[in-house]
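What follows is a short report on a single structure.
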Amino acid sequence: MKKFWALFFFFWPTVAIISCLIAPSRGWWFPGAPMSRTGIQIDGLFYLILIIVTITFVATQYVLAYALWMGATKDPGSKAFFSHGSHKLEIVWTIVPSFILVFISLSQLDVLAEIRVISKFPEKATKVAEVTARQFEWRIRYPKPGSELTTEENPGDLYYVNELHVPTGKPVIINLRTQDVQHAFFSPQLRVKQDAVPGLVIPVWFDVLEVGTYDLVCAELCGWGHYKMKARIVAQSQGSVDKYLKELEAEQNEDGTKSEAAKTDDE
Amino acid sequence: MSMTPSLKPLALAGLLSVVAATVGCSDTAFESSFVYSEGTLSLMREAQAGTKENPGVKTLLDDRFGDPQHLKAWEKLPIDFGGTMTSVETVVESGDGKKLVILTVQEGMALPEKAVSVQFVSGACSGETVQVAKWNPKTGEATLAAVPGKEIAAGDTCAIDRGAGLSSGRMLYMRHCSHCHGTTGDGNGPTARYMTPKPRDYRNGIFKFTSTNDMSKASRSDLSRIVKYGIPGTYMPSFLLMKDDEHHAIIEYVRFLSMRGEYERKLVAELSSDYSQNAYDSRLKSGEKKAEIQKELDEFLAEDLKESAGTLGDDLAEIWSAADTDEAVIVPSVPRVPDTPESRRHGRELYLSKTLNCADCHGIDAAGNGPQTIAFEKNPAKSDELYNEPGLHDIWDNLNQPRNLQMGMYRGGRRPIDLFSRIHAGIKGSRMPSFKNTPHEDIWHIVNYVLSIPFETDPGATGIAPIAAESVAAPAAVTAPAPE
Amino acid sequence: MATVSPALDAHGHADDHAHGHHEQSFIAKYVFSMDHKIIGIQFLITTLIMLLVGGALALAVRWQLAFPWENMPVVGQLFGLFRSEGGQISPEFYTMLFTMHATVMIFLVIIPILAGAYGNFLIPLQIGTDDMAFPALNMLSYWFMWPAIVCFGCSFFVAGGTAGPGNGWTSYPLLSDLPQAAPGSGAPQTFWLLGLTLVGVSSMMGSVNYLTTIINMRAPGMTLFRMPLTIWSMFITAILQAFALPVLTAAGSMLLFDRLNSILPTDIHSVFFIPANIIVNNAAPTVGGGQPLLWQHLFWFYSHPAVYIMLLPAMGMVSDMLSCMCRKPVFGYKPMVYSMAAIAGLGFIVWGHHMFTSGMNPALGMTFMTSTMMIALPSAIKVFNWIGTIWGGDLRFNGVMLNCSGFVAMFIVGGLSGIFMAAVPVDIYFHDTYFIVAHFHYVLFGSTLFGVFAAIQFWFPKMFGREMNDTVQKWHFALSFIGFNCTFFPMHLLGMAGMPRRYADPYLHGYLEHLLPMNRFITLFAILMGVAQLLLLGNFFYSMFRGKKVGRNPWNANGLEWTAPSPPGHGNFDIAPVVYRGPYEYSSPDAEAIGQDYILQTVPHVKGVAKFTHH
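Protein chains in written order, with our numbering: chain C, 1 to 267; chain U, 1001 to 1484; chain D, 2001 to 2615.
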């Protein structure tokens, strides 16, 4: 029976490792490759930590299980090994983890600064839209085509809901705000997340690598509809974004009388 | 979307029971129940449930609309119940008690990929629902369970999975909508009590933000707009990312609930003056005999109510179908007047004018604080009794104050045509009246003014500065007043 | 620093009681008792019942995630709540479920069971004194729990049943601040805050008591470095509570003042956390001037040390139990003490790691990242030392040992998953996803609660004079362990897939649809795990009355508590303990000299055997 318990502690870490190995093929892993530049760095840091953590996990769990196995297969009657500890070992297993932890800390500082510190945002990043979260949707405001985005609404600004169009291949900034309570702008495929805080306007930048449609969801409890804030980020070429904005402008100025012919004339 | 020609015979044929097609969910998914309206529940017991021979309100309602697990597709109503109309081409005995039939569809239509059941509309098996054991969508071969004592013949018309669309609409509604709008569409789901404004109660058949004129119902595209873009400033969110077929199914179910609610309301209206519980009690008190009243009610149910039950259905069908026609849509007779300071000034004059009197509700500086917002108004539905709290109300008896136009938040949409429709048709169900007799040019001036209000530096300081030279499509920036 | 306890008379009572010992009424003896043992047992039983409540709430959450919007068993039809929806819960009800699950588990189960139950029971016994420094305060600390439970209970009902407090146990403004912001933000939130304050008062009373008792009332010879690690952990935990709780109480009061206009018939209220011009639910725009982020700082300043409050006592107890079950001293006693102190100290400067995406200054983010990385170190050292304790031991494979081994194994998982979140860029992805849920359940449930399971069995004989059935405990361990890991390990994968927390219906989103089968798997095992707890409770209550009777020291352990009768009477010790050695002298030469593999702390130095010095 004792051996059973020792093997029990060998078995479950093995199951854990196997489940992680099969996870990516079953979709229990990142939702696709990272689709933004900072996303690539985030994933890289994740995998680095994963390697370190896996080695530590394997070592500690199997040593623990082995210690139990030793206890299970001990000669009955032989006594325990009497020791109060080992100074040497304590020093070793203090210094080695410290180095590893310092290494991890230092590896991420640059990435962190680039993502979060405004003065380190890419120089060419342009403000493309203001995203205002509210209970329970995402309201988008684009500046009037040809104008700069300001924190105030201006006549000619274009409005939409739950769908944000951004150009690919260049860093863009959105101004994140909220009309009511806290929300969070989370795009899993782009690996972007930022809380929207009442009273603050927070710039969030990202650089989408490929044309595509990406999910946008809320990641801070905002009430009963927290799960309902389903939106999408549509990344297109700059030309397509401009075309979209022109169509949006025309739609926003719809007066119910324009014929099909007249519509095409305006563009 | 008007009824396809092949459905017309069904409308005459009467009712078909909808199979509660669960489409992969368990049988107990979304088991819910409809709630009868207060009006129904305030009638005499016999008026509600009917007598031995004659149906009452509840019976009529259940007969024609069913309960959520067993919805009924009343073919009269302009609702897309889903399913495919077919007819039987040939019948073959397959020997084990089952029938092999070959079904064909009209030109231009396709056989569905899946078939769960078949409902017969004409022939000996008319009214029967038969389960499909095997289905081949390419050839149209269906193996059906036999109907005891009845023969299936070539030429019989039938529907495949009639009502599957409505059923899936109900599932989607339960998942996305019911907790606010209620399982019956009464705007009284569990979450509703915490919201301002309250979710819509569909049972009046009235929707506030439409593109149709003031006498028409909301069209499908109006409902579609609302589901797609939400109502900003309220808890009705945008379901932009919903798939098209789901979107369509939900809208049909909402229309179904709306029509059911209206039908119930109208039946109750027929009965409430003489046969409500209160009326009954007072009649008893004034000396009438119980048996006499019962007899009178019985006759009423047998003749008048039964007749109304049919005509009310026809009325509903007519008015709801009309909403989807081009005639119902508000089309301004002139394009939008160029958005110049002159137009906006003119708009402001109209706003303040005695004839239109917008300021009475919306306030002199359009902040939604006109005198009406603090006066006690009379409730027309309750013999002009005054409301408890000051301000304006809607027909659902909720406090519904006029919009603060300085916010730039337009619940029904911010396009010029949306604002035009709000003014032209009013906001149905609210105290915003219809100004359909106002010249369309004037309405455009008001629209231009309203759209400029959020950008005014001072209230009323409308576009006194010059505007940039732009096309008429783009509203111009408003800058500070030029020094005199 | 040893103090001398007052001389005990023949009955084992101090002189002051020599005036004659009157018979206490049932109420005084068992209900409003001032005896730390009774109070400890009161806490234990109350928290075990609350464990069931918290667990039931969790199962309701899991049901919704496995069968979204389907009729929820029991709850859906209870009190006719969702009658016309056929038992389908509403979204605000779901927010209440996870909020109250967390609240009950944290404030009514884990903290009271560690500090209130085991702290109370063990501290006087393990340091060799007759009771706590302030017995009346001790009694009050228990009885303040009940008004808190009543407040939390009321919060379920005051808004009409379908909406209780639904703003998360973290209760961030503005959701929790403005009564109109969420269905549960009105009266339920107020009751919740009151309950929280009362629980805080109870905790603070306890911590003052423990600190005073441990510092002042140790038996002669019980130097600080002869104290069992359980006492060290309780001591350090009490420091954490004393310094961190006032901040939570202050924050809670600030929030209550912000909401004053919904509590009292007045328009006046503060705006600590409310910025200007916010319109929520079409109420009047807020007056403002406050900062929502302030709440987060204040809240997490307490709540991070709180998680160590919820961990350290279990760590201390597990060290004691492992040492006893392996018949070996704790490997590295002093490093263990220093690690606990480091964890506690560092625990005060890591709170910002809950706020990496909150919009706070990124420079702050960097400092918190550094301190969070540092705090991984003492935890790692402790894990190595536990493994070192087991290594080469003469192991007894009973329920206690298995639960302690489970503690270590699962603490490894919980600790390692924390490293991902310490790295800020990675946390940007994982924050508010199920990865975090997995992490904290591994440390709070997988570690602490399994440590508690071990402690329940280990100190049961001392509490009740009987032993629990070991076979049932082993079954309980196996089922709980399997259930726990199958429930929470997959949540790491759910978090990787980007499944956010607190979502009533994640499958609305296309990229999460394929996770339904895994969520069903998790729910299935969660139910198994829940049912397995009945084994523990059954064993506990049955053995209380019908368990096999045992003597003073059924485990052959070294601590002072095992010199007292089982259960100890009033005054605890019939012979006043004097301490001559540390608590972990299993299999030492001294023990061998008397023919045992253990030697009680009260046994004087054995002649002829070389004195073993501590390093």
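Where is the CB? At the ideal position from N, CA and C, for every residue including glycine.
If you look at W1135/U, you'll find it in the beta strand (DSSP E) that goes T1129 to N1136. Taking 8 Å as the upper bound on Cβ-Cβ separation, chain D lies near residues S1178, H1179, G1182, T1183, T1184, G1189, P1190, T1191, R1193, Y1194, M1195, T1196 and P1197 of the stretch 1177-1198 of chain U. Apart from the 5 residues on each side of it in sequence, P2329/D sits with its Cβ closer than 7 Å to the Cβ of S2323, Y2584, E2585 and Y2586 in its chain, given in chain order.
With three or more CB-CB distances shorter than 8 Å, the stretch 222-239 of chain C counts as touching the stretch 136-144 of chain C. Around the C-beta of Y2172/D, 16 or more other C-beta atoms lie within 10 Å, and the residue is accordingly described as buried. The beta carbon of F2079/D does not come within 9 Å of any beta carbon belonging to chain U, so the residue lies off that interface.
Classified as buried, I2039/D has 16 or more neighbouring CB atoms from the shown chains inside 10 Å of its CB. Of the candidates S1434/U, D1298/U and K1289/U, the residue whose Cα lies closest to the Cα of G1056/U is D1298/U. Annotation: Cβ neighbours of F1030/U in chain D (cutoff 9 Å, chain order): W2069, E2070, N2071, E2085, G2086 and Q2088. Around the Cβ of I1226/U, a 10 Å sphere holds 16 or more other Cβ atoms; the residue is buried.
The alpha-carbon separation between P1390/U and S147/C amounts to approximately 45 Å. For M1085/U, the uninterrupted beta strand (DSSP E) run begins and ends at T1084 to E1093, by DSSP. Against chain C, the CB of E2467/D has no partner CB under 9 Å away; the residue lies outside that interface. Among the CB atoms of chain U, one or more fall inside 9 Å of the CB of D2505/D. Proximity of chain D to S147/C at the Cβ level (cut-off 9 Å) is not reached, the minimal Cβ distance being about 24 Å. Here A2422/D is buried: its Cβ has 16 or more other Cβ atoms, across all protein chains shown, within 10 Å.
Against chain U, the beta carbon of T2162/D has neighbours under 7 Å at P1190, listed in chain order. The Cβ atoms of M2401/D and L2229/D lie no closer than 9 Å to each other.
With the criterion set as a beta carbon lying under 7 Å from some beta carbon of chain D, the members of the stretch 192-225 of chain C are K193, Q194, D195, V197, P198, G199, L200, I202, D215, V217, A219, E220, L221, C222, G223, W224 and G225, in sequence order. In the DSSP annotation of this structure, the continuous segment of the beta strand (DSSP E) that includes F186/C starts and ends at H183 to S187. Around L2198/D, the same chain offers F2144, M2145, P2147, A2148 and C2151 as residues with beta carbons nearer than 8 Å, after the five sequence neighbours per side are excluded.
Within the stretch 108-158 of chain C, the runs of beta strand (DSSP E) that reach at least 3 residues and sit entirely inside it are, in chain order, 126-134 and 137-142. Between the C-alpha atoms of W1396/U and G39/C there is a straight-line separation of about 50 Å.
Not a single CB atom of chain U sits nearer than 9 Å to the CB of N2572/D.
Per DSSP, the beta-bridge partners of W205/C are I173/C.
F2481/D and G2406/D have their C-alpha atoms some 7 Å from each other.
Close CB contacts of L164/C within its chain, under the 8 Å cut and outside five residues either way in sequence, are with A129, V131, W138, I140, I174, L216, A231, R232, I233 and V234 (chain order). DSSP assignment within the stretch 1333-1372 of chain U yields no whole beta strand (DSSP E) run of 3 residues or more.
A direct Cα-to-Cα measurement between G2054/D and M2100/D gives close to 7 Å. Close partners of M1174/U in chain D (Cβ separation under 9 Å): W2069, E2085, G2086 and Q2088. Of all alpha-carbon atoms in Y2580/D, I2428/D and E2085/D, the one lying nearest the alpha-carbon of F2356/D is that of I2428/D.
Classified as buried, Y2094/D has 16 or more neighbouring CB atoms from the shown chains inside 10 Å of its CB. A Cβ-Cβ separation of about 17 Å leaves M2529/D out of contact with L2494/D under the 8 Å criterion.
Closest in alpha carbon position to L2534/D, among I2594/D, G2551/D and V2472/D, is V2472/D.
Rounded to whole angstroms, the separation of the alpha carbons of L1241/U and V2075/D is 32 Å. Look at A2181/D here: in three-state DSSP terms it is coil, with no helix or strand label.
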